[in-house]
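Residue numbers (the numbering used here): 212 to 456.
Note that CB positions come from ideal geometry on N, CA and C, so glycine has one too.
Being a predicted model, the structure only gives us computed values, none of them experimental.
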Ligand code: PAF
């Protein structure tokens, strides 16, 4: 049984809003597995299911011209365009202000509608499985507190696998995470934003699994993020084409 999807209509074109994974999957599957009448190709093909091309633009909202150019390209190249807006707590370091990240949902919705987006995915932290980390503060501890002595952590009732600490692996706590190779994360932005790309890789992998897009669109200006996402798609054999623009 699927949870009910929240769907609203905007202007001339109907853009659907989903807050649940099951709702979005239900909507996409209804297209993905739709059978087509291919009269123009020949009756022997009637009723064949044609692979649906889904273009996906993952964002954290506060949409600007850069996002819009990704969405426009996705619109040109795919049958269905999905945009997600999720301010991902996993990619914020303790010193970075997750709470104060700009949230302009109404305006973002209007922009997506104007850009002919088919589905806007707006999960909350509980839906994306990051709520536990936020509630008990684990997501804040992942980077900064792992370097504190075990005795101190024990006094705060935090258990840390010492073997993991020795080899510099961040323990997973209650969420399975994707750890990109340190050769890609230790330089440039990764140097000052420890744990940032692990948070990005984890949430992007989750979003790819939810949407199962044909193509996903990322800005070229975030070159390090792009390289890490290309690598994770290769290493984890994810069936998605990464388009940089
Ligand atoms: O580039 C961004 O906006 C974010 O890092 C992304 C890819 C949406 C993951 O949260």
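Exercise for review: Tell me whether residue 451 sits in a helix, a strand or coil according to DSSP, three-state version.
Suggested key: Look at residue 451 here: in three-state DSSP terms it is coil, with no helix or strand label.
Practice item. Taking only the alpha-carbon atoms, compute the straight-line gap between residue 281 and residue 407 and give it to the nearest angstrom. Key: 22 Å
Check your understanding: Taking residue 414 as the reference, which of 447, 339, 327, 320 has the closest Cα?
Key -> 339
Exercise for review: May I have the straight-line CA-CA distance separating residue 449 from residue 392, to the nearest angstrom?
Suggested key: 17 Å
**Study point:** Inter-stretch contact at 8 Å, needing at least 3 Cβ pairs: the stretch 317-337 / the stretch 430-446
**Key:** no
Review point. Where does residue 284 sit, in a helix, a strand or coil, going by DSSP?
Key: If DSSP states are grouped into helix, strand and coil, residue 284 belongs with the helices.
Exercise for review: Answer yes if the stretch 315-324 comes into contact with the stretch 421-437, meaning at least three C-beta pairs across the two stretches below 8 Å, and no otherwise.
Suggested key: The stretch 421-437, when compared against the stretch 315-324, does not touch it at the 8 Å Cβ threshold.
**Study point:** At least three beta-carbon pairs within less than 8 Å, the stretch 308-315 to the stretch 409-428
**Key:** no
Practice item. State yes or no: is the C-beta of residue 427 within less than 7 Å of the C-beta of residue 267? Key: yes
**Study point:** Run of the beta strand (DSSP E) containing residue 267, from where it starts to where it stops
**Key:** 265-270
Practice item. Return yes when the Cβ of residue 287 is within less than 7 Å of the Cβ of residue 327, no when it is not. Key: no
Practice item. Return yes when at least one heavy atom of ligand 1 lies under 6 Å from the C-beta of residue 293, else no. Key: no
Review point. Sorry if obvious, but does the Cβ on residue 411 come closer than 6 Å to a heavy atom of ligand 1?
Key: yes
Exercise for review: Look at the alpha carbon of residue 297 and the alpha carbon of residue 404, and state the distance between them as a whole number of angstroms.
Suggested key: Inter-residue distance for residue 297 and residue 404 is about 19 Å (C-alpha atoms, whole angstroms).
Check your understanding: Can the beta-carbon of residue 430 be found less than 7 Å from the beta-carbon of residue 301?
Key -> no
Check your understanding: With a CB to CB cut of under 8 Å and the five nearest residues on each side skipped, what residues in its chain are close to residue 447?
Key -> 389, 416
Point to revise | Residue range of the unbroken alpha helix (DSSP H) whose run includes residue 444 | key: Bounds of the alpha helix (DSSP H) holding residue 444 are 434-446.
Review point. Closer than 6 Å: is that where the CB of residue 299 sits relative to any heavy atom of ligand 1?
Key: yes
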